[in-house]
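K.L.:
The following block contains the structure, expressed as structure tokens.
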Amino acid sequence: QSYSQHIAHFSFVLYYNLFLFLVLKINFILF
Numbered sequence: 022q023s024y025s026q027h028i029a030h031f032s033f034v035l036y037y038n039l040f041l042f043l044v045l046k047i048n049f050i051l052f
């Protein structure tokens, strides 16, 4: 179970960083 929690946490961090990157990129393009 701890293994699946580790995978879930890793995917969450990965998607969170991707989201922040896209937000910063969009803000850089628009402004």
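For the sequence shown, the positions run 22 to 52 when the working numbering is used.
The beta-carbon is built from N, C-alpha and C at its ideal position, and this holds for glycine as well.
#1: Measuring only the C-alpha atoms, how far is phenylalanine 42 from leucine 35?
#2: Determine the direct distance from the alpha carbon of tyrosine 37 to that of isoleucine 28, and round the result to whole angstroms.
#3: So, helix, strand or coil for phenylalanine 33, using DSSP?
P.N.:
Put simply:
#1: Here residue 42 is taken as the residue at index 21 of the sequence shown, counted from 1. Here residue 35 is taken as the residue at index 14 of the sequence shown, counted from 1. Annotation: phenylalanine 42 to leucine 35 spans about 11 Å, alpha carbon to alpha carbon.
#2: If you number the sequence shown from 1, residue 28 lands on position 7. If you number the sequence shown from 1, residue 37 lands on position 16. Distance between the alpha carbons of isoleucine 28 and tyrosine 37: 14 Å.
#3: Stepping through the sequence shown from its first residue, residue 33 is reached at position 12. Here phenylalanine 33 carries a helix assignment [DSSP, helix/strand/coil].
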